[in-house]
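Residue numbers for the sequence shown, in the UniProt record's numbering: 1 to 208.
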Amino acid sequence: MSAAPDEPSVTGLVLAAGAGRRMGKPKATVIGTDGVPWIVRTVRSVLAGGCDRVLVVLGSGHERARELLAQVRPGAPDGGLVRVVVAQRWTEGMGESLRAGLEAVLADADAESRPPAAVLVQLVDLPDVGADVIGRVTRVAGPSVLARAAYQGVPGHPVLIGVDHLGPLAATLSGDVGAKHYLASRDVRIVECGDLAGGADVDHRFEN
């Protein structure tokens, strides 16, 4: 469900580039116990939660992940709602994946009729975080807003980044250094979502 015309537009950014060494396979290719690939579930949740489009950052296992993404909207074209970017330096860490994604969002914004007011960053390995959490976080979107979900007071994902912060944040990213330091030095709105999900990432097969 995309934003209404009078609401801020939000672009979803799904990070799914890692090798998933503890999982034993790239998390972008993991199939849930219900038969739904994590990457498909995540993209569907991000779209249903209010994002107008989703950019998926892939790395390890990107060819298989692309195949799985065809399931996002079976029987219908995606209408440009879902785009894939392969982070060429994904092996260097999440910071490089996030930077690749933010740079792609900034490049796309110039060509969009309705540029995003914010970007919602979500990880692929949070299968219990659904559209209800995404929707609660996107409701506070704005160009200067920084916000993130929290679970029983513990900060987690998704993280909402207003467009005013995209360039400055991207300039700080490298290797395995993500947005943590940037967020720590700024006022971040906490959106409590512990009543909706646990927010814990899944690192091992037996947790799936």
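Just so you know, even glycine gets a beta-carbon here, dropped at the ideal spot from N, CA and C.
Taken in chain order, the complete beta strand (DSSP E) segments of 3 or more residues contained in the segment 147-178 are 154-162.
When DSSP reads this structure, threonine 11 sits in a beta bridge with Arg53 and Val119. Closest in C-alpha terms to alanine 171, from the list Val46, Arg44, Leu102 and Val188, comes Leu102. Lysine 27 is classed as buried because its beta carbon has at least 16 other beta carbons within 10 Å across all chains shown.
By the CB criterion at 7 angstroms, glycine 59 and alanine 17 fall inside the cutoff. For arginine 136, the enclosing alpha helix (DSSP H) covers residues 131-138.
Listed in chain order, the non-local C-beta contacts of glycine 130 below 6 angstroms within the same chain comprise Ser45, local neighbours out to five positions each way being set aside.
If you draw a straight line from the Cα of proline 115 to the Cα of alanine 109, it comes to about 5 angstroms. DSSP lists Ala150 as the bridge partner or partners of glutamate 192. Counting only the Cα atoms, arginine 148 lies some 7 angstroms from proline 155. Bridge partners of arginine 83 according to DSSP: Leu55. Rounded to the nearest angstrom, the gap between the Cα atoms of leucine 55 and alanine 111 is 15 angstroms.
One Cα belongs to leucine 123, the other to leucine 166, and the distance between them is close to 18 angstroms.
For glutamate 92 and valine 57, the gap between their C-alpha atoms comes out near 14 angstroms. Residue state for alanine 16 is assigned as strand, using DSSP reduced to three classes. In the assembly as shown, glutamate 67 is an exposed residue. Its beta-carbon has fewer than 16 other beta-carbons within 10 Å.
Residues Ala147, Leu160, Arg189 and Val191 of the same chain have their beta carbon placed closer than 8 angstroms to that of valine 140, with the five preceding and five following residues left out of the count.
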